[in-house]
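Taking it in order: structure first as structure tokens, then the write-up.
Residue numbers (the UniProt record's numbering): 1 to 412.
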């Protein structure tokens with residue numbers, strides 16, 4: 001809608017709905033209506049945005065002090081650019097179009113510049129050094145949560161692990177939005193810890209995350225829950241987790257909702273602090289289908305060869321295992337802090353996954369998402385690359401190719 005403008009977009013949509021009232025319509029019908037309502041090249045836009053793969057990058061560079069926006073890619077973009085002082089006081093905003101030609105912003109020389117500050121387009125953002133350094137030191141001071149969401153994603157994208165963790169340490173305790181706290185922690189877990197860090201650095205990184213999630217006394221409940229979930233996932237303090245579990249509350253008095261309680265149970269089991277009878281007690285206490293799956297994950301997460309063997313057998317030898325149960329087993333099997341224990345199952349997973357994935361597309365997706373949840377060695381990544389040369393179910397192939405690409409080891 002931003003690219004067309006609200007007036008033309010709504011005129012085209014209304015014409016489309018009126019023309020096809022009580023009838024079926026195609027994408028071509030919608031494009032025709034939008035094209036008639038706008039002087040812009042709607043079909044050209046659809047070709048590069050809807051029918052062409054890949055992603056674009058919007059970069060900020062400088063000619064002297066003057067910010068310059070450039071685009072790597074093929075898509076036309078329209079978005080808001082906002083300028084700030086180096087202390088992140090807003091100076092001004094404007095809507096711009098960016099395509100093949102660089103766009104200079106001389107009126108904002110020497111200022112911090114944030115492209116796509118309103119989140120109107122889809123592209124990776126790369127800031128210049130002045131802008132990046134300013135926002136990483138005071139990101140949470142910005143009042144607009146949408147702009148902060150764009151900048152959290154930008155700041156955590158493709159930065160060295162040390163810079164990622166430093167930003168989290170400095171800014172996460174100050175982030176007021178529970179949604180953005182959760183998003184930053186999810187990105188740390190799924191991108192940095194799962195795919196980037198060498199195994200020798202995982203334990204220290206988890207401790208850094210846990211420290212960043214320390215619960216302040218003056219936080220609101222939703223933010224406290226988001227931080228508590230991050231702490232439960234990352235901490236190695238079994239005594240703390242046991243205390244929370246016994247009290248059914250955090251040390252600050254935040255009651256454990258079912259999701260948070262199972263996160264505590266999972267991590268405590270992973271650390272060797274819970275055995276099967278206590279996990280069964282938790283399952284009965286919960287009494288729901290989600291509780292059953294939580295218990296499956298906790299049992300699989302225990303740091304013993306027997307627990308891993310049982311989880312693997314349940315995943316691969318039971319022809320009737322459900323998608324939900326399979327995913328719960330995998331979540332417990334691949335523990336970030338148990339890499340050496342589960343290392344033998346990496347090659348086994350690569351070998352058996354194609355057969356399992358032939359049970360249907362939903363199961364194939366679950367098998368693909370069950371990819372080992374920690375960084376792999378070059379040799380282990382090559383096992384996956386080799387497997388991709390065979391005839392694989394399409395859903396599994398897509399998941400594996402994405403995993404290799406995300407880990408900087410694209411399939412050849």
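Built from N, CA and C at the ideal position, the CB exists for glycine as well.
Looking at 384, 365 and 175, the one whose alpha-carbon comes closest to that of residue 142 is 175.
As summarised for the segment 69-147, the continuous alpha helix (DSSP H) elements at least 4 residues long and confined to that stretch are 129-138, given in chain order.
Closest in alpha carbon position to residue 135, among 100, 122 and 90, is 90. Comparing alpha-carbon positions, the option among 232, 118, 173 and 221 lying closest to residue 189 turns out to be 232.
The three-state secondary structure of residue 61, taken from DSSP, is strand.
Inclusion of residue 117 and residue 70 in the CB contact set at 8 Å is not warranted, their separation being larger than that value.
Of the residues 85, 100, 80 and 101, the one whose Cα lies closest to the Cα of residue 93 is 80.
DSSP, read as helix, strand or coil, puts residue 411 in coil. As DSSP reads the structure, residue 255 sits in a beta bridge with 249. In this structure the segment 378-386 does not lie against the segment 196-203, because fewer than three pairs of beta carbons, one per stretch, are closer than 8 Å. Linking residue 36 to residue 18 through their CA atoms gives a straight-line distance of about 14 Å. Between residue 293 and residue 120, the alpha-carbon positions lie close to 38 Å from each other. Beta-bridge annotation (DSSP): residue 66 is paired with 63. In this structure, residue 341 lies away from residue 375, with their beta-carbon atoms at least 8 Å apart. With respect to residue 399, residue 359 sits apart: the two C-beta atoms are not nearer than 8 Å. In this model, residue 173 and residue 228 are separated by some 12 Å (Cα to Cα). In the DSSP annotation of this structure, the continuous segment of the alpha helix (DSSP H) that includes residue 9 starts and ends at 6-19.
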